[in-house]
Amino acid sequence: MMLTRHITSGARHYLMTHNENNMTPDNLENLRRQLAEFAAARDWDQFHSPKNLAMALIAEAAELVEHFQWLTEDQSRSLPSRTHEEVRLELADILIYLIRVADKLDIDLIRAANDKISINNERYPADKVRGSPRRPLDPKEVVLQLLKGEV
2 MMLTRHITSG
12 ARHYLMTHNE
22 NNMTPDNLEN
32 LRRQLAEFAA
42 ARDWDQFHSP
52 KNLAMALIAE
62 AAELVEHFQW
72 LTEDQSRSLP
82 SRTHEEVRLE
92 LADILIYLIR
102 VADKLDIDLI
112 RAANDKISIN
122 NERYPADKVR
132 GSPRRPLDPK
142 EVVLQLLKGE
152 V
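In terms of our numbering, the sequence shown opens at residue 2 and continues consecutively.
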């Protein structure tokens, strides 16, 4: 996607020249600002609706998935260096679009992620889900399943 390559070149430079392992709110804000400036300088905000950015994000996620599509679990854990670099850049593309969508919708990603972690801690209590990919059933859900004859 040509638009993707143009948007992400500035962010890739940022990621290559800054400590990308230090994801702080300040670093995220600096990246958000740099991406906004990059788009504004090219008069691309007219194309960057939340809908368009969300669709671009999904396209980038699909490009990420292509790298893993036919790999075994073990192969997916130890990628050849070239593939690893391509995956790294696809993840950067995804992050870039995620930041742009959040910016357009005025969503604080750090706060949203922390809120979601709290929700998941309640939804998936460690003592009830350890070793299982499933969420424990709410008693109301069990009753509904019993009434439907699903249990």
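Quick reminder that beta carbons are idealized off the backbone N, C-alpha and C, glycines included. Computed from a predicted structure; not experimentally measured.
Pop quiz: residue i and residue j are said to be a contact at Cβ under 8 Å. What is the actual Cβ separation, rounded to whole angstroms?
i	j	result
Leu92	Leu65	7 Å
Lys105	Pro51	5 Å
Can you tell me where the alpha helix (DSSP H) holding residue i begins and where it ends?
i	result
Ser119	110–124
Asp94	82–105
Ser77	74–78
Pro134	Where Pro134 is concerned, there is no enclosing alpha helix (DSSP H), given that its DSSP letter is neither H nor E.
Glu151	No alpha helix (DSSP H) contains Glu151, which DSSP labels as neither H nor E.
Asp27	26–42
Can you tell me whether residue i is buried or exposed, with buried defined as 16 or more other CB within 10 angstroms of its CB?
i	result
Val102	buried
Glu74	exposed
Asp44	exposed
Asp94	buried
Ala42	exposed
His85	exposed
Ala127	exposed
Leu145	exposed
Phe48	exposed
Nearest by alpha-carbon distance to residue i: which of the options is it?
i	options	result
Asn121	Phe48, Ile111, Arg136	Arg136
Ala62	Glu87, Ala41, Arg124	Glu87
Leu54	Leu99, Val130, Leu90	Leu99
Glu30	Ser79, Ile97, Pro134	Ile97
His68	Arg89, Met56, Ser119, Leu58	Arg89
Asp139	Ile118, Phe48, Tyr125, Arg78	Tyr125
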